[in-house]
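The numbers in numbering that gives the first Met the number 0 rise by one with no breaks, and the one at position 137 of the sequence shown is 136.
Even glycine gets a Cβ: it sits at the ideal position worked out from N, Cα and C.
Owing to the predicted nature of the structure, the values given are computational and were not obtained by experimental measurement.
Below is one structure, written out as structure tokens; the observations come after it.
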Amino acid sequence: MAEPRRGLPRAGGKDGVVSGHRVAAITRRLLQGFRRDRRTLALLFVAPIVILGLLGYLMRGSTSAPPVGIANQDGGPLGALVAAALRGSSHITTTDINAADGDAKLKDGSLVAYIVLPSDFSQQAQNGNVAPEVHLEGSEPGVNAPVLQALQQSMLTLGSWVTGRNITFQPRVKYFYGGPNYDTLDYFGAAFVGLVVFFLVFVITIVSFLNERSQGTLERLMASPLRRGEIVLGYMLGFTVIALVQAAEVLIFSLAILKIQNQGNVLLIFGMEALMAIAAVNLGIFLSMFARSEFQAVQFIPLVVVPQVLLSGIIFPVSSEPKALQYLSDVLPLTYAVNGMRDIMVKGADLTWSSLQLDAAVVAGFCIALIAAGTATLRRRLG
Numbered sequence: 000m001a002e003p004r005r006g007l008p009r010a011g012g013k014d015g016v017v018s019g020h021r022v023a024a025i026t027r028r029l030l031q032g033f034r035r036d037r038r039t040l041a042l043l044f045v046a047p048i049v050i051l052g053l054l055g056y057l058m059r060g061s062t063s064a065p066p067v068g069i070a071n072q073d074g075g076p077l078g079a080l081v082a083a084a085l086r087g088s089s090h091i092t093t094t095d096i097n098a099a100d101g102d103a104k105l106k107d108g109s110l111v112a113y114i115v116l117p118s119d120f121s122q123q124a125q126n127g128n129v130a131p132e133v134h135l136e137g138s139e140p141g142v143n144a145p146v147l148q149a150l151q152q153s154m155l156t157l158g159s160w161v162t163g164r165n166i167t168f169q170p171r172v173k174y175f176y177g178g179p180n181y182d183t184l185d186y187f188g189a190a191f192v193g194l195v196v197f198f199l200v201f202v203i204t205i206v207s208f209l210n211e212r213s214q215g216t217l218e219r220l221m222a223s224p225l226r227r228g229e230i231v232l233g234y235m236l237g238f239t240v241i242a243l244v245q246a247a248e249v250l251i252f253s254l255a256i257l258k259i260q261n262q263g264n265v266l267l268i269f270g271m272e273a274l275m276a277i278a279a280v281n282l283g284i285f286l287s288m289f290a291r292s293e294f295q296a297v298q299f300i301p302l303v304v305v306p307q308v309l310l311s312g313i314i315f316p317v318s319s320e321p322k323a324l325q326y327l328s329d330v331l332p333l334t335y336a337v338n339g340m341r342d343i344m345v346k347g348a349d350l351t352w353s354s355l356q357l358d359a360a361v362v363a364g365f366c367i368a369l370i371a372a373g374t375a376t377l378r379r380r381l382g
């Protein structure tokens, strides 16, 4: 029977007893390694503070008062009474408009909704059944609740004027985009299609490229007859091909399996996905140069992805964020990608839309900047 190798604890006997001293030695060695690695320590303690700080600022500093238009067509006193109550609501910010201009203001984004009090509104109230018109922009469901809540509260003022009768409140809700047949997934799916591609491509790129470095593959390529430019382009194109395949898979699954409603051109959706994939690839290559281990690479994920998820309008409407965070969201590529995806899938935008042109141009600009940064960083590494 072969004897056990020296230095390895045996299953039984004295060596089989767990030694607290040896466990403590391993623990000390691990903690000392973290203490010497200041980059890992910084990522370990900075990431949760950044994420929780952003979340807390968003939750407590958000101004959930979307802009709403009021078109009072009622010649009686009750329409003016309800309009005054709407103007005094803390849930919305109001402006008086002509009902004929309402749809144009919804389309250009200056309003998220407008409320029409019809010409017979006072008579409706006297009859006990009021039916104001509520026109919702519809692409951001998060702003609908404050509008309806403000309208419902304003109707309470009618009670002091119409006595001896219960008033039935039945608003006629109309959607400029989307509609009652849209569920939560239809609204958020447009944003999550771009997010999933960006997140997964970024993670795959940063971890895979770090493995290329740690396994010595990059150094062996440097020693080969290949030119530095060829190595740089080869890596970028290789990761980009994988990213585009994944983008196509996400799009097909979202539309064919999940049945997310889409009002736009599928090729435009894939084009926006492709831009996000290219940006994620080059961002992953760029940041991988600052990571020495997979643990450090993973720590970049919450710092890069989570703030963009919180600030890009996926969860919280950008218009309701504190002003300082709105400025920050304006420099994040995911903000423009989410806007572009919603324009295409929910609003049916095409290339003639100036808003979609702007979103695509900004995301393309981020791609160019990240390609330049990734190329420069990779060349410096190869040098």
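- Under the DSSP definition of a beta bridge, residue 95 partners with 69.
- Counted as a single uninterrupted DSSP element, the alpha helix (DSSP H) harbouring residue 21 occupies residues 19–35.
- Collapsing the DSSP output to three states places residue 113 in a strand.
- By alpha-carbon distance to residue 324, the top candidate from 308, 336 and 339 is 308.
- Among the bridge pairs identified by DSSP, residue 90 is matched with none.
- Look at residue 240 here: in three-state DSSP terms it is helix.
- The continuous alpha helix (DSSP H) containing residue 326 extends over residues 322–328.
- In the displayed model, residue 351 falls within coil according to three-state DSSP, outside both helix and strand.
- In this structure, the CA atom of residue 183 is about 55 Å from the CA atom of residue 20.
- Contact between the stretch 190–210 and the stretch 234–254 is present: 3 or more CB-CB pairs across the two stretches fall below 8 Å.
- Residue 204 and residue 280 do touch by the CB rule: their CB atoms are close to 5 Å apart, below 8 Å.
- Within the same chain, Cβ atoms closer than 8 Å to the Cβ of residue 165 are found at 127, the five residues on either side in sequence being excluded.
- The beta carbon of residue 294 sits closer than 7 Å to the beta carbons of 39 from its chain, once the five residues preceding and following it are set aside; these are given in chain order.
- Counting C-beta atoms within 10 angstroms of its own C-beta, residue 249 has 16 or more neighbours from the protein chains shown and is therefore classed as buried.
- Distance from the CA of residue 365 to the CA of residue 371, rounded to the nearest whole angstrom, comes to 10 Å.
- The beta-carbon separation of residue 135 and residue 143, rounded to 6 Å, stays under the 8 Å limit for a contact.
- Closest option to residue 121, judged by alpha-carbon separation, among 339, 211, 108 and 71: 71.
- Between residue 110 and residue 68, the CB-CB gap stays under 8 Å.
- Around the CB of residue 222, fewer than 16 other CB atoms lie within 10 Å, so the residue is classed as exposed.
- Beta-bridge analysis with DSSP links residue 171 to 132.
- Under a 10 Å Cβ-count criterion, residue 218 is classified as exposed, with fewer than 16 other Cβ atoms of the shown protein chains found around its own Cβ.
- Ranking 186, 351, 119 and 32 by CA distance to the CA of residue 314 puts 186 first.
- Your pair residue 337 and residue 312 checks out as a contact, with CB atoms roughly 5 Å apart and the cut at 8 Å.
- Taking residue 316 as the centre and dropping the five residues before and after it, the same chain places the C-beta of 139, 141 and 142 closer than 7 Å to its C-beta, in chain order.
- Scanning the stretch 138–220 from its first residue to its last, the whole beta strand (DSSP E) runs of 3-plus residues come out as 171–174.
- Contact check for residue 271 against residue 345 fails: the beta carbons are separated by 8 Å or more.
- Residue 378 sits away from residue 200, with the two beta carbons spaced by 8 Å or more.
- The beta carbon of residue 273 sits closer than 7 Å to the beta carbons of 243 and 246 from its chain, once the five residues preceding and following it are set aside; these are given in chain order.
- Under a 10 Å Cβ-count criterion, residue 31 is classified as exposed, with fewer than 16 other Cβ atoms of the shown protein chains found around its own Cβ.
- In chain order, 115 and 171 place their CB closer than 6 Å to the CB of residue 132, counting only its own chain and leaving out the 5 sequence neighbours on each side.
- Of the candidates 306, 349, 350 and 348, the residue whose Cα lies closest to the Cα of residue 329 is 306.
- DSSP places residue 44 within a helical segment (H, G or I) once states are collapsed to three.
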